[in-house]
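Visitor: Positions in the sequence shown are counted from 1; adding 6 to them yields this note's numbering.
I'd like to ask some things about the structure below.
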Amino acid sequence: MSNESDEPSGSEEVNSYNDYDSLLKEARENLPEDISHHDRFQVPDIDILQEGNTTIFKNFTDVADMINRSPEKILKFLLGELGTAGEKENGRVVFKGKISPSKIEEKMEDYIEKFVLCSECGRPDTRLVKENRIDIIKCDACGAHRPIKGKQVKTGASKKSEKLEEGEIYELLIQDIGKEGDGVAKKAGYTIYVPGTTKGDKVKVRINNKTGNLAFGSVVGG
Ligand SMILES: [Zn+2]
Numbered sequence: 007m008s009n010e011s012d013e014p015s016g017s018e019e020v021n022s023y024n025d026y027d028s029l030l031k032e033a034r035e036n037l038p039e040d041i042s043h044h045d046r047f048q049v050p051d052i053d054i055l056q057e058g059n060t061t062i063f064k065n066f067t068d069v070a071d072m073i074n075r076s077p078e079k080i081l082k083f084l085l086g087e088l089g090t091a092g093e094k095e096n097g098r099v100v101f102k103g104k105i106s107p108s109k110i111e112e113k114m115e116d117y118i119e120k121f122v123l124c125s126e127c128g129r130p131d132t133r134l135v136k137e138n139r140i141d142i143i144k145c146d147a148c149g150a151h152r153p154i155k156g157k158q159v160k161t162g163a164s165k166k167s168e169k170l171e172e173g174e175i176y177e178l179l180i181q182d183i184g185k186e187g188d189g190v191a192k193k194a195g196y197t198i199y200v201p202g203t204t205k206g207d208k209v210k211v212r213i214n215n216k217t218g219n220l221a222f223g224s225v226v227g228g
């Protein structure tokens, strides 16, 4: 970066640069292995190839090995999430259609987040076990365990359930009766009026319209 005028004249300066660089290098190399491993778990590099009308996940079983999960389960997850068909062949997966590598990567990250990483310590040294028919992730690194569903509810799923959309049907508990005699339920920050219901009812309600934080719905049969 320096040019003629700044060019070091003596060997001293050159040496000090070299020293600094080599010191830095040495310091990096001498970092204890486990410091870098304590960082957020890195999703293994996945190798995707688009070929004709197919997309090939070339190192699929290697990645499955790395995260210590059954290839069949991962594949099932991927196919469901990607909404496509695909088959395992010699350690690779061949998906039907062109799928962008970043999309597959994203789904693998989702999988790892949901089914592999410990929510306490963030490490991938976990096992899936079943307790009372519930899938549980047990962490060998810190001993924590959590149900898989619990994690899902905390992330995307809860946001979805906290929405109230017009035209959608929700199962609601009538918690109160409004001035006009309509049942009143609450969800996602809305107060929902449901005619023909009474306190304590659990009903399926179609949301007819919303205004401000009020919503109006009607009971649907069933
Ligand atoms: Zn842990």
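Virtual Cβ for every residue (Gly too), placed ideally from N, Cα, C.
Thinking C-alpha only, which one of Ala194, Gly195 and Leu178 is nearest proline 201?
Guide: Leu178
Visitor: Assuming lysine 193 contacts tyrosine 176 under a Cβ cut-off of 8 Å, what Cβ separation, rounded to an integer in Å, is found between them?
Guide: 6 Å
Visitor: Cα separation between lysine 64 and glutamate 126?
Guide: Cα to Cα, the separation comes out at about 32 Å.
Visitor: Return the chain-ordered list of same chain residues with a C-beta closer than 8 Å to the C-beta of asparagine 215, the five sequence neighbours on each side being excluded.
Guide: Glu172, Ala221 and Phe222
Visitor: Identify the continuous alpha helix (DSSP H) that holds isoleucine 143 and give its terminal residues.
Guide: Looking at the DSSP string, isoleucine 143 is not in any alpha helix (DSSP H); the run it does join, the beta strand (DSSP E), is 140-145.
Visitor: In the DSSP output, which residue or residues are listed as bridge partners for leucine 179?
Guide: Partner(s): Lys208.
Visitor: May I ask you to check if the CB of alanine 147 is nearer than 8 Å to at least one heavy atom of ligand 1?
Guide: It does: the Cβ of alanine 147 is within 8 Å (strictly closer) of some heavy atom of ligand 1.
Visitor: What residues are listed by DSSP as bridge partners for asparagine 215?
Guide: In the DSSP assignment, asparagine 215 forms a beta bridge with Phe222.
Visitor: So, does the region 70-83 touch the region 115-129, judging by three or more C-beta pairs under 8 Å?
Guide: yes
Visitor: So, under 8 Å CB-CB, isoleucine 180 and valine 135 are touching, yes? Tell me the CB distance rounded to an integer number of Å.
Guide: Between isoleucine 180 and valine 135 a beta carbon distance of about 40 Å is seen, past the 8 Å cut, so the two are scored as non-contacting.
Visitor: Which runs of the beta strand (DSSP E) spanning at least 3 residues fall entirely within the region 62-139, listed in chain order?
Guide: 92-95, 98-102 and 132-137
Visitor: Can you say whether aspartate 27 is buried or exposed, counting buried as having 16 or more other CB atoms within 10 angstroms of its CB?
Guide: exposed
Visitor: Can you check whether the CB of isoleucine 52 is closer than 9 Å to the CB of phenylalanine 101?
Guide: no
Visitor: Tell me, which residues are paired with proline 201 by DSSP?
Guide: DSSP output for proline 201 lists no bridge partner at all.
Visitor: Compare the C-beta of proline 50 with all C-beta atoms of chain C and state if any pair is closer than 9 Å.
Guide: In summary, chain C is missing from the structure at hand, where a single protein chain is found.
Visitor: Per DSSP, what kind of secondary structure is lysine 192 in: helix, strand or coil?
Guide: Of the three classes helix, strand and coil, the one that applies to lysine 192 here is strand, per DSSP.
Visitor: Which class does glutamate 57 belong to by DSSP, given the choice of helix, strand or coil?
Guide: strand
Visitor: Give the single residue among Arg212, Asp71, Leu170 and Gly86 whose Cα lies nearest to the Cα of isoleucine 98.
Guide: Sequence inspection shows arginine at residue 98; the isoleucine mentioned does not correspond to that position. Checking every option, the nearest Cα to that of arginine 98 belongs to Asp71.
Visitor: Return yes when at least one heavy atom of ligand 1 lies under 8 Å from the C-beta of glutamate 126, else no.
Guide: Yes, the Cβ of glutamate 126 comes within 8 Å of a heavy atom of ligand 1.
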